[in-house]
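Enquirer:
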Amino acid sequence: MKDGTEPTYSEAAARLDGILEKIERGDVDIDELSQLVAEAADLVTLLRKKITAAEMQIKTITERLEREEIPPEGKQPEEEVPF
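One gets my numbering by counting positions in the sequence shown from 1 and adding 1 to each.
(1) Does DSSP classify residue 28 as helix, strand or coil?
(2) Report the residue from 18, 63, 68 whose alpha carbon sits nearest the alpha carbon of residue 41.
(3) For residue 7, which of helix, strand or coil comes out of DSSP?
(4) For residue 55, is the classification buried or exposed, using 16 other Cβ atoms within 10 angstroms of its Cβ as the cut-off for buried?
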């Protein structure tokens with residue numbers, strides 16, 4: 002983004018959609034086209050990076066949950082009878 006912060010996934014995807022729509026409509030001259038294509042390529046790289054990071058987080062969380070052996074939904078662990 003122009004203020005130096007990285008856009009969110011939604012912001013980057015929306016910008017990429019806007020670029021694609023503009024190119025498809027033919028509303029760009031050749032100089033602007035090359036700039037938009039370069040920006041679109043940067044956005045695709047950013048989106049892939051964010052997807053990969055999310056996949057890694059999900060994998061880490063899933064593995065942690067599997068190690069904790071959480072009982073299936075709706076089932077409570079059996080309590081030991083004290084006698």
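Even glycine gets a Cβ: it sits at the ideal position worked out from N, Cα and C.
Expert: Looking at the atomic coordinates:
(1) Here residue 28 is taken as the residue at index 27 of the sequence shown, counted from 1. Of the three classes helix, strand and coil, the one that applies to residue 28 here is coil, per DSSP.
(2) Numbered from 1 along the sequence shown, position 40 holds the residue referred to as residue 41. Ranking 18, 63, 68 by Cα distance to residue 41 puts 18 first.
(3) The count along the sequence shown starts at 1 and reaches residue 7 at position 6. Residue 7 falls in the coil class under three-state DSSP.
(4) Within the sequence shown, numbered from 1, the residue matching residue 55 stands at position 54. The residue is exposed, with fewer than 16 neighbouring Cβ atoms inside 10 Å.
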